Amino acid sequence: MRTVSLLSLLSLFLLFTGCDLTEDDSMTVVTSGVYIANGGAFGNANSSLTIFNPQTEALQTLPPAGQAGFSSYIQSIEVGPRGRLFVVFGETATVDIYDTPTNERIGQITGIPNPRYVAVNGDRAYVTSQDYGVDPSDVDVVDLTTSTVVDSVDVPGTPEDVEVLGSTIVVALGGFGSGSSIGIIDANDLTVQTIDIGCTGPRSLVRDEDDEVIVFCTGIQTGNPSTSSPGAIRVVDPSTGSISDEVELTTQISSASFGQHVSYSSAAEEAYALLADGRVLRYDTATNQIESRLDVAGDSPGAVGYDDRNELLYIGRLSPASPFDESGTVTVHERGGAAVDTIQAGVAPAHIDFSINAR
């Protein structure tokens, strides 16, 4: 199954880039960029992007070194199809679009209150929005040919991560350790079905290679054992809303940056989750089993990503002295957890994603 997944990934890449494998049988897919969103702090205008090229070990910072940070904290990033990077800014209600080969901004989506996460399907993007005013939270539909919001659908709870499978949109509704539901939206008529999945704080979603959606619930730590709960994992069939597997954890899923809790490697068919005890959970999405819990001691983790082409784990870490004012780091680990490198990052590394290239 892993071989099929990698070939599918390569096929999609070639489709979007117009390359022809018949011209060069030795062409391979490589990781061309490690994108690190340094979230910064609310109101401090100190967020940034760190871009690491694993082929050359070159580092690029946006905005460039010496300039002020972005005017908003970064909530999340998403490397999508066609070499586009989506950067979600909470305070400015914007989503910036970058071209990953050049790292130049090529577009901007505006007018989405407190955007959280984005999922892309063709020329449509779906952005979760937490509105703390009189209006309910919603999922906004964006036409990427014009970068404009063309529709929206109200959702209950506190929407966080979002995934799209054809005409089905799945939304996690349990931000900040609240609730126990996800929403399943029909993209054709924007009707919403709410499903209680029986775990506290559904926040992160993974669409696996079998078109299941794996929901990671954070749990909640209140300081009182009677009201606290550990994290959990649910495997959901989005076509029916049924739960096919349940895994209970012994601790919460937690991010020191309040950003990325979980990442997914489609080629490896593995999800990685940050645990509150400092370890990283590796979950096999092909077998729906916990594969391991990795000991990766270091400063507080706030982001995680796995480069399946180089079999390297990246962990964003906040500064222990001043987490939301001083620059953090990203530690690089072998598959088994041993640290092999450290990358200088910006303030509060909060999300990690990867771009690929064929050569």
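If you use mature numbering (1 follows the signal peptide of the UniProt record, and there is no 0), the sequence shown corresponds to residues -22 to -1, 1 to 337, in order. In this text, a Cβ means the ideal position worked out from N, Cα and C, and glycines have one as well. Keep in mind that this is a model prediction, so the values were computed, not measured.
* **When 78, 52, 250, 5 are compared against residue 15, the one with the closest alpha-carbon** => The sequence position of residue 15 within the sequence shown is 37, counting from 1. Closest in C-alpha terms to residue 15, from the list 78, 52, 250, 5, comes 52.
* To do: Report all residues from its chain with a CB closer than 6 Å to the CB of residue 103; omit the five preceding and five following residues, and keep chain order.
  => Numbered from its first residue, the sequence shown carries residue 103 at position 125. Counting only Cβ-Cβ distances below 6 Å, and skipping sequence neighbours, we find 96, 120, 122.
* To do: Give the secondary structure of residue 201 by DSSP, where H, G and I count as helix, E and B as strand, and everything else as coil.
  => Within the sequence shown, residue 201 is the residue found at index 223, counting from 1. In this structure, residue 201 counts as coil in the three-state DSSP scheme.
* Contact check, residue 66 vs residue 57, beta carbons under 8 Å -> For this step, residue 66 is matched to residue 88 along the sequence shown. For this step, residue 57 is matched to residue 79 along the sequence shown. No, the Cβ-Cβ distance between residue 66 and residue 57 is not below 8 Å.
* To do: For residue 275, count neighbouring C-beta atoms within 10 Å of its own C-beta (all shown protein chains included) and say buried if the count is 16 or more, exposed if not.
  => For the purposes of this step, residue 275 is identified with residue 297 of the sequence shown, where counting begins at 1. Looking at its Cβ environment, which holds fewer than 16 other Cβ atoms inside 10 Å, residue 275 is exposed.
* To do: For the segment 75 to 108, list the alpha helix (DSSP H) runs that are entirely contained and at least 4 residues long, ordered along the chain.
  => For the segment 75 to 108, not a single whole alpha helix (DSSP H) run of length 4 or above is found.
* What residues in its chain sit with their C-beta under 6 Å from that of residue 161, if we drop five residues either side in the sequence? -> As a first step, residue 161 is located in the sequence shown; it is residue number 183 there, counting from the start. Cβ neighbours of residue 161 beyond the five flanking positions: 133, 149, 151, 170, 172.
* To do: May I have the straight-line CA-CA distance separating residue 301 from residue 279, to the nearest angstrom?
  => On the sequence shown, residue 301 is found 323 positions in, with the first residue counted as 1. On the sequence shown, residue 279 is found 301 positions in, with the first residue counted as 1. Distance between the alpha carbons of residue 301 and residue 279 is about 11 Å.
* Rank 324, 75, 80 by C-alpha distance to the C-alpha of residue 87 and give the top, closest one. => Within the sequence shown, the letter at position 109 stands for residue 87. If you compare the alpha carbons of 324, 75, 80 with that of residue 87, the shortest gap goes to 75.
* To do: Have a look at residue 77 and residue 62 and give me their C-alpha separation to the nearest angstrom.
  => In the sequence shown, counting from the first residue as 1, residue 77 sits at position 99. In the sequence shown, counting from the first residue as 1, residue 62 sits at position 84. For residue 77 and residue 62, the distance between alpha carbons rounds to 5 Å.
* Measure the C-alpha to C-alpha separation of residue 260 and residue 159 and round it to an integer number of angstroms. => To locate residue 260, count along the sequence shown from 1; it is residue 282. To locate residue 159, count along the sequence shown from 1; it is residue 181. Taking the straight line joining both Cα atoms gives about 24 Å.
* residue 306 versus residue 141: straight-line alpha-carbon distance, rounded -> As a first step, residue 306 is located in the sequence shown; it is residue number 328 there, counting from the start. As a first step, residue 141 is located in the sequence shown; it is residue number 163 there, counting from the start. When rounded, the distance between both Cα atoms is 29 Å.
* Asked: Whose CA, out of 105, 112, 19, 34, lies closest to the CA of residue 69?
  -> For the purposes of this step, residue 69 is taken as residue 91 along the sequence shown, with counting starting at 1. It is 19.
* How would you label residue 310, buried or exposed, when you count the other beta carbons within 10 angstroms and need 16 or more for buried? -> Residue numbering aside, residue 310 sits at position 332 when the sequence shown is read from its first letter. Buried: at least 16 other Cβ atoms inside 10 Å.
* Asked: Count the other CB atoms within 10 Å of the CB of residue 318; is the residue buried (16 or more) or exposed (fewer)?
  -> Stepping through the sequence shown from its first residue, residue 318 is reached at position 340. Label assigned to residue 318: exposed.
* To do: Put residue 212 into one of helix, strand or coil per three-state DSSP.
  => Position 234 of the sequence shown, counted from the first residue, corresponds to residue 212. DSSP places residue 212 in strand when its eight states are reduced to three.
* Asked: Quick one: what's got a C-beta closer than 8 Å to residue 23's C-beta in the same chain, skipping five residues either side?
  -> The sequence position of residue 23 within the sequence shown is 45, counting from 1. Counting only Cβ-Cβ distances below 8 Å, and skipping sequence neighbours, we find 46, 47, 48, 49, 50.
* Candidates 180, 249, 166, 242, of which the one nearest residue 154 by Cα -> The sequence position of residue 154 within the sequence shown is 176, counting from 1. That would be 180, whose Cα lies nearest to the Cα of residue 154.
* To do: In angstroms with no decimal places, state the Cα-to-Cα distance between residue 194 and residue 80.
  => For the purposes of this step, residue 194 is identified with residue 216 of the sequence shown, where counting begins at 1. For the purposes of this step, residue 80 is identified with residue 102 of the sequence shown, where counting begins at 1. Roughly 34 Å between the two C-alpha positions.
* To do: Going by DSSP, name the residue or residues bridged to residue 191.
  => Position 213 of the sequence shown, counting from 1, holds the residue named residue 191. Its beta-bridge partners are 185, 214.
* Pull up the DSSP beta-bridge partners for residue 329, would you. => For this step, residue 329 is matched to residue 351 along the sequence shown. DSSP output for residue 329 lists 15 as bridge partner(s).
* Below 8 Å between beta carbons: does that hold for residue 256 and residue 26? -> As a working mapping, residue 256 is identified with position 278 in the sequence shown. As a working mapping, residue 26 is identified with position 48 in the sequence shown. No; because the gap between Cβ atoms is not below 8 Å, this pair is not in contact.
* Cα-Cα separation, residue 99 to residue 202 -> For the purposes of this step, residue 99 is identified with residue 121 of the sequence shown, where counting begins at 1. For the purposes of this step, residue 202 is identified with residue 224 of the sequence shown, where counting begins at 1. Approximately 42 Å between the Cα atoms of the pair.
* Whole-angstrom distance between residue 210 and residue 33, CA atom to CA atom -> As a working mapping, residue 33 is identified with position 55 in the sequence shown. As a working mapping, residue 210 is identified with position 232 in the sequence shown. Answer to the nearest angstrom: the Cα atoms are 37 Å apart.
* Asked: Where do the ends of the beta strand (DSSP E) carrying residue 238 lie?
  -> Numbered from its first residue, the sequence shown carries residue 238 at position 260. Counting along the chain, residue 238 falls outside any beta strand (DSSP E), and DSSP gives it neither H nor E.
* Which stretch, first to last residue, makes up the beta strand (DSSP E) that contains residue 249? -> Within the sequence shown, the letter at position 271 stands for residue 249. Element bounds for residue 249: 248 to 252.
* Beta-carbon contacts of residue 262 that lie in its chain and below 8 Å, excluding the five residues immediately before and after -> Walking along the sequence shown from the start, residue 262 turns up at place 284. Answer for residue 262: 247, 248, 268, 269, listed in chain order.
* Answer with buried or exposed for residue 43, where buried requires no fewer than 16 other C-beta atoms within 10 angstroms of its C-beta. => Here the question's residue 43 lines up with position 65 in the sequence shown. The residue in question, residue 43, is exposed, as its Cβ has fewer than 16 Cβ neighbours within 10 Å.
* Tell me whether the beta-carbon of residue 234 lies closer than 8 Å to the beta-carbon of residue 291. => Position 256 of the sequence shown, counted from the first residue, corresponds to residue 234. Position 313 of the sequence shown, counted from the first residue, corresponds to residue 291. Not a contact, by the Cβ cut-off of 8 Å.
* **Bridge-paired residues (DSSP) for residue 62** => Taking the sequence shown and counting its residues from 1, one reaches residue 62 at position 84. Beta bridge pairing from DSSP links residue 62 with 77.
* Kindly indicate which three-state DSSP category residue 166 falls into: helix, strand or coil? => Locating residue 166 in the sequence shown gives position 188, counting from the first residue. In the structure shown, residue 166 sits in coil (DSSP, three-state: anything other than H, G, I, E or B).
* To do: Figure out for me which residue from 92, 64, 91 has the closest Cα to the Cα of residue 84.
  => By 1-based counting over the sequence shown, the position of residue 84 is 106. Of 92, 64, 91, the smallest CA-CA separation from residue 84 is found for 64.
* **Cβ neighbour criterion (16 or more within 10 Å) applied to residue 41** => Counting from 1 along the sequence shown, the entry for residue 41 is found at position 63. Answer is exposed; the Cβ neighbour count stays below 16.
* Would the beta-carbon of residue 19 be found less than 7 Å away from any heavy atom of the ligand GTP? -> No copy of the ligand GTP occurs in the structure displayed, which carries no ligand at all.
* Grouping DSSP H, G and I as helix and E and B as strand, with all else coil, what is residue 280? -> For this step, residue 280 is matched to residue 302 along the sequence shown. Three-state DSSP puts residue 280 in a strand.
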